[in-house]
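Going by our numbering, the first residue of the sequence shown is number 360, and it counts up by one from there.
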Amino acid sequence: MRAPAGLKTMRRLGCAAAVCMLLAAELRPQGAPAVDPQQIRTQIKHLGQWYSEEFQKEASLFLTRSGKGSVPYLMEALNDDDLSRQARVVEILGNLRDANARLPLILLYQREKSVLIRCKVLEALGKSRDEAVFDFVAARVKDANLRIRAFAVWAMGELRTPKAVPLLMEVIKSDAGPPVIAAIDALGKCGGARQVPLLMEYLRHWDVQTRYVAALSLGELANRATVPALFEALEWETHIDVQEALAKSLGKIGGKEAISRFLEILKKGPYPFDQRVAAVGLRAAGTQAVFPLLELLERGSVEDKLQAAKILVSLKSAGAVPYFLKMLDSENTTERLMAVVSLGDLGDAAIDKRLEPLSASGELIIRQAAWEARRKIHAQDLRRDSE
């Protein structure tokens, strides 16, 4: 009696690898394929270690853009002997977040001893946001390998389930180094108000990276009661990266109180880095900060207007366009220059017509700025047309 095709495959490749191939075969589109299988397989081949980094990036982009149509072929490639290709395939499957890849990824982890591949699998499972993998990921939090523990903790945070909190608290108490930093990050994604005091303690930790992650996690928890303490931490913090992380969190959760204080720093900051941190906070506040910034753009000093203009442009605020158009008629050259540059970043074809006369301005600096602004507008129009 002849063995079924599936059984023969299991004997040849082993159970786990065979399951991947059989699942891939079931998922492959029937009839006319939505994607060209040969092209998909060629791109997967380009993920191998013997191809240049540029080739690998282009192949990854193509396969990701192919979406679910590439998933069956990517699952087949999980059996590849080339670890570099295998790692890239796992990464792409993680980005695609296809539930059908869950079992093949878990089977790959169980049969593959490479720490790189195991970490990539945990990363992909975390990106899936699929709570069904929680128990599998949680079991890896106590792995003997530090990197695997760190990736498992990070993945639990990405799953964003409150079930992870007790285990994360245990990691913080019993582990050290990267797993603890990953646990602090994860608490910001799946914790609550009860975790705030612990995270506040880590704002005074000796390690810069730990303070940085704690500052961002407090912003994720969005507890308005922490705003005064975060501003206090900002006053004594000396590292610029941590300062900016604190400012981002304050901008996200601080509301009018944070915006008002950041505007004061923006206008009166005695040191350049104070203004830089304030700008980070105002950008993080998003649309809430637009109206106060427009008031500053209209009534502030030239220096204040410059600071406000930079932030409004970074926020892509269409509401700022009328203010910049009005400033084109200013008697102050600096203000006119600022308006031209800002309109180049925000403008469209209608704005281009307003800038056209300035391309022949008698002031060289204004003329050059107008040409550059119009070039940017035309480039943006071409990009939009191509899309």
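Quick reminder that beta carbons are idealized off the backbone N, C-alpha and C, glycines included.
Notebook entry, point to check: Per DSSP, what kind of secondary structure is Thr585 in: helix, strand or coil?
Noted result: The count along the sequence shown starts at 1 and reaches residue 585 at position 226. Collapsing the DSSP output to three states places Thr585 in a helix.
Open item on the list: Could you tell me the alpha carbon to alpha carbon distance between Val500 and Leu481, rounded to whole angstroms?
Closed with: Residue 500 sits at position 141 when you count from the first residue of the sequence shown. Residue 481 sits at position 122 when you count from the first residue of the sequence shown. Spanning the two alpha carbons is a distance of roughly 11 Å.
| request: Measure the alpha-carbon distance for Lys735 versus Asp704 and round it to whole angstroms. | output: If you number the sequence shown from 1, residue 735 lands on position 376. If you number the sequence shown from 1, residue 704 lands on position 345. Approximately 7 Å between the Cα atoms of the pair.
Exercise. Where does Arg508 land, buried or exposed, given buried means 16+ other C-beta within 10 angstroms?
Worked result: Position 149 of the sequence shown, counting from 1, holds the residue named residue 508. Classification of Arg508: buried, given that the 10 Å Cβ count is 16 or more.
* Asked: Where does the unbroken alpha helix (DSSP H) through Lys615 begin, and where does it stop?
  -> Along the sequence shown, read from residue 1 onward, the residue named residue 615 stands at position 256. It spans 614-627 - the alpha helix (DSSP H) in which Lys615 sits, taken as one unbroken run.
Worksheet item: Of all the options Asp489, Asp440, Glu731, which has the alpha carbon lying nearest to the alpha carbon of Leu467?
Response: To locate residue 467, count along the sequence shown from 1; it is residue 108. Checked all of Asp489, Asp440, Glu731; the closest Cα to Leu467 is Asp440.
(request) Taking Ala592 as the reference, give the member of Ser576, Arg570, Arg583, Ile612 with the closest Cα. (result) Position 233 of the sequence shown, counting from 1, holds the residue named residue 592. When Ser576, Arg570, Arg583, Ile612 are compared, the shortest CA-CA separation from Ala592 is found for Arg570.
Count the other CB atoms, across all protein chains shown, that sit within 10 Å of the CB of Gln445; report buried if there are 16 or more and exposed otherwise.
In the sequence shown, counting from the first residue as 1, residue 445 sits at position 86. Looking at its Cβ environment, which holds 16 or more other Cβ atoms inside 10 Å, Gln445 is buried.
What does the alpha-carbon distance come out to for the pair Gly613 and Ala648? Taking the first residue of the sequence shown as position 1, residue 613 is located at position 254. Taking the first residue of the sequence shown as position 1, residue 648 is located at position 289. Each residue's alpha carbon lies about 11 Å from the other.
Quiz item: Going by Cα to Cα distance, which pick from Asp544, Ser689, Ser487 is closest to Val661?
Solution: Along the sequence shown, read from residue 1 onward, the residue named residue 661 stands at position 302. Among Asp544, Ser689, Ser487, the Cα nearest to that of Val661 is on Ser689.
Practice problem: Just the C-alpha distance for Gly426 and Asn438, rounded to the nearest angstrom, thanks. | Solution: Position 67 of the sequence shown, counting from 1, holds the residue named residue 426. Position 79 of the sequence shown, counting from 1, holds the residue named residue 438. If you take the alpha carbons of Gly426 and Asn438, they lie about 20 Å apart.
Item to complete: For Ser673, collect the residues of the same chain with a Cβ closer than 7 Å to its Cβ; drop the 5 residues on either side in sequence, then sort them by chain order.
Response: Looking up residue 673 in the sequence shown gives position 314. Arg642.
Tell me which residue opens and which closes the alpha helix (DSSP H) that Tyr561 is part of. The count along the sequence shown starts at 1 and reaches residue 561 at position 202. Tyr561: not part of any alpha helix (DSSP H); DSSP gives it neither H nor E.
Can you give, in chain order, each stretch of the beta strand (DSSP E) that sits fully within the region 469-541 and has at least 3 residues?
Segments of the beta strand (DSSP E) lying fully in the region 469-541: there are none.
Buried or exposed for Ile724, going by 16 or more other Cβ atoms inside 10 Å? On the sequence shown, position 365 is the one that residue 724 refers to. That one is exposed.
Check: Rounded to a whole number of angstroms, what is the C-alpha to C-alpha distance between Leu574 and Gly721?
Finding: The count along the sequence shown starts at 1 and reaches residue 574 at position 215. The count along the sequence shown starts at 1 and reaches residue 721 at position 362. Note that residue 574 is Ala in the sequence shown here, rather than Leu. Straight-line Cα distance between these residues: approximately 50 Å.
- Have a look at Leu505 and Lys712 and give me their C-alpha separation to the nearest angstrom. Locating residue 505 in the sequence shown gives position 146, counting from the first residue. Locating residue 712 in the sequence shown gives position 353, counting from the first residue. Spanning the two alpha carbons is a distance of roughly 60 Å.
(request) Along the alpha helix (DSSP H) that carries Gly706, what are the first and last residues, could you check? (result) Position 347 of the sequence shown, counted from the first residue, corresponds to residue 706. Unbroken run through Gly706: none, as it is neither H nor E.
Closest by CA to Ala698, which one among Cys549, Leu656, Ala637, Gln739?
Translated into the one-based positions of the sequence shown, residue 698 becomes position 339. Measuring from the Cα of Ala698, the nearest candidate turns out to be Leu656.
Are Gly485 and Glu529 close, meaning C-beta to C-beta below 8 Å?
Within the sequence shown, residue 485 is the residue found at index 126, counting from 1. Within the sequence shown, residue 529 is the residue found at index 170, counting from 1. At the C-beta level, Gly485 and Glu529 stay beyond 8 Å of one another.
Check: Considering only the beta carbon of each residue, do Ala808 and Trp513 sit closer than 8 Å?
Finding: Lying outside 360 to 746, the shown extent of the chain, residue 808 is not represented and no answer is given.
Inset, instruction - Report yes if the C-beta distance between Leu580 and Gly550 is below 8 Å; otherwise report no. - result: Counting from 1 along the sequence shown, the entry for residue 580 is found at position 221. Counting from 1 along the sequence shown, the entry for residue 550 is found at position 191. Yes, the Cβ-Cβ distance between Leu580 and Gly550 is below 8 Å.
Have a look at Thr520 and Leu687 and give me their C-alpha separation to the nearest angstrom.
In the sequence shown, residue 520 corresponds to position 161, counting from 1. In the sequence shown, residue 687 corresponds to position 328, counting from 1. Across the structure, Thr520 and Leu687 are spaced so that their CA atoms are roughly 52 Å apart.
Review point. From Leu684 to Gly428, what does the alpha carbon distance come to, in whole angstroms?
Key: Position 325 of the sequence shown holds residue 684. Position 69 of the sequence shown holds residue 428. Going from the Cα of Leu684 to the Cα of Gly428 covers about 48 Å.
Taking its Cβ as the centre, do 16 or more other Cβ atoms sit within 10 Å of Gln666, making it buried, or is it exposed?
Position 307 of the sequence shown, counting from 1, holds the residue named residue 666. Its Cβ being crowded by 16 or more others within 10 Å, Gln666 is buried.
- Could you tell me the distance, in whole angstroms, from the CA atom of Ala511 to the CA atom of Leu622? Along the sequence shown, read from residue 1 onward, the residue named residue 511 stands at position 152. Along the sequence shown, read from residue 1 onward, the residue named residue 622 stands at position 263. C-alpha separation (whole angstroms): 41 Å.
Item checked: Close-in-space but distant-in-sequence residues of the same chain around Ser676 (CB under 6 Å, 5 per side omitted) -> On the sequence shown, position 317 is the one that residue 676 refers to. By the criterion of a C-beta distance shorter than 6 Å, Ser676 is surrounded in its chain by Val649, once the five residues flanking it on both sides are discounted.
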